[in-house]
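Counting in UniProt numbering, the sequence shown runs from 1 upward without gaps.
The structure appears right after this line, and notes come after that.
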Amino acid sequence: MQYLFKNRRQKRHHFSYFLPAATVVLCVIITNIFSGPGALLYPLAALIWAALTYRLFSMTLINAFVTILTYYSLTQFYATTHDTLADSTIYISLRIGLFMLALSPLILCIISQNRNELFKRVLYLANHDSLTHTMNRHFFFQKGEYLLQYANRMEFSVIMLDIDHFKRLNDDFGHHVGDKVLQHFAEIIRCNLRAEDLFARIGGEEFVLLLWNTEPFEAQDIAERIRKRVEKTPMHQSDGSDLYITVSVGITHQNEPQSQDLQHLINIADQALYQAKHRGRNQVVLAS
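Structure representation (structure tokens):
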């Protein structure tokens, strides 16, 4: 079902993506059918639409196509309706007009691309932790609750992870080393996840995972693999020494997505995490 909805969305996207180009072609055809002084502006609205849709290279090709055909159409019109005495003035005016017609959409396309890139950057910064580049708490809950709402009989697991003795590490080595530890830890976790898994930093040294389509034993295997990888992978410091860390992990599993909200499941996983801490740390505990 999810694949079907995704496939339909992709088809609608492909159709709407080619609409501006099709409109430009239609306007050029109309220019050749109804030639006249006003024909120069026929493609303008379609070119603006295309400039807001396509990348600069594609827009340049479209502009070249429109300019050549419009110039041909209008020169044919003026060649049959004006005497040769005025031709030079008319053609100069026509060329300047076509130049402005081609230049304006290109400028708009560049502005639109810069705006879109800026928007993506701002959106990324708003939804991700700037230090570890994981999801932040707000974005994790937003996306997680959405997936829980529309999940249909899908099993999933929530995993809480907490770096052991992180406060002592900050006190002994300084906060700059603590920041590097967080980045090192996040990179290890990221390398052991699938593309569809959600990964967020929700506290100082606390992280959370949301794993889809996982049985309890699978979630436990993933958590244990992460724990071992964290324990055995040193962080290389600038002075040449290696720093080793460990992590405590709590897991809860859910096979009825709509029965409990995400915060409640995180609380259960958090309780399992504290059990791992009390048992000596560097352990994985599955909530009963």
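Note that the Cβ used here is the ideal one computed from N, Cα and C, for glycine as well.
For Met135, the pairing in a beta bridge is given by DSSP as His128 and Ala200. A contact is defined here as three or more CB-CB pairs under 8 Å, and the stretch 94-113 fails this definition with respect to the stretch 142-161. For His253, the enclosing beta strand (DSSP E) begins and ends at Val247 to Gln254.
Annotated three-state conformation of Phe156 is strand, per DSSP. Annotation for Leu273: Met160, Leu161, Asp162, Ser248, Val249, Gly250 and Val285 place their beta carbon closer than 8 Å to its own, counting only its chain and skipping 5 residues before and after.
Beta-bridge partners of Trp212 (DSSP): Phe156.
When the five nearest sequence neighbours on each side are left out, the beta carbons in the same chain lying within less than 7 Å of the beta carbon of Val230 are those of Phe185, Ile188, Ile245, Thr246 and Val247, in order along the chain.
For Ser112, the closest C-alpha among the options Ala276, Arg201 and Trp49 is that of Trp49. Between the stretch 192-201 and the stretch 212-231, the count of Cβ pairs shorter than 8 Å is three or higher; the stretches touch. Take Tyr42, set aside five residues on each side of it, and the residues of its chain with a beta-carbon closer than 7 Å to its own are Cys27, Ile30 and Thr31, in chain order. Each of Ser73, Cys109 and Pro20 was checked against the Cα of Thr60, and the nearest Cα belongs to Cys109. Short of 7 Å from the beta carbon of Ala46, and not among the five residues preceding or following it, lie these beta carbons of its own chain, in chain order: Pro20, Thr23, Val24 and Cys27.
Inclusion of Phe166 and Glu205 in the CB contact set at 9 Å is warranted, their separation being smaller than that value. Here the stretch 133-147 makes no contact with the stretch 61-76; the two share fewer than three CB pairs at distances below 8 Å.
Straight-line spacing of the CA atoms in Arg201 and Phe207 works out to 4 Å. Straight across, the Cα-Cα distance linking Lys277 with His264 is about 20 Å. If you look at Leu262, you'll find it in the alpha helix (DSSP H) that goes Leu262 to His278.
DSSP places Leu286 in the strand class (E or B) of the three-state scheme.
Ranked by Cα distance from Asn114, the first of Tyr124, Asn63, Arg55 and His253 is Arg55. DSSP places His236 within a strand segment (E or B) once states are collapsed to three.
When DSSP states are grouped into helix, strand and coil, Asp172 belongs to the helix group. Taking C-beta atoms as the reference points, Leu148 and Asp261 count as a pair closer than 9 Å. Scanning Gln183, Gln275 and Ala51 for the CA closest to the CA of Ser130 turns up Gln183.
Residues of the same chain with a CB within less than 6 Å of the CB of Ala51, apart from the 5 flanking positions on each side, are Met59, Pro105, Leu108 and Cys109 in chain order. Counting along the chain, Leu47 sits inside the alpha helix (DSSP H) bounded by residues Leu44 to Ala51.
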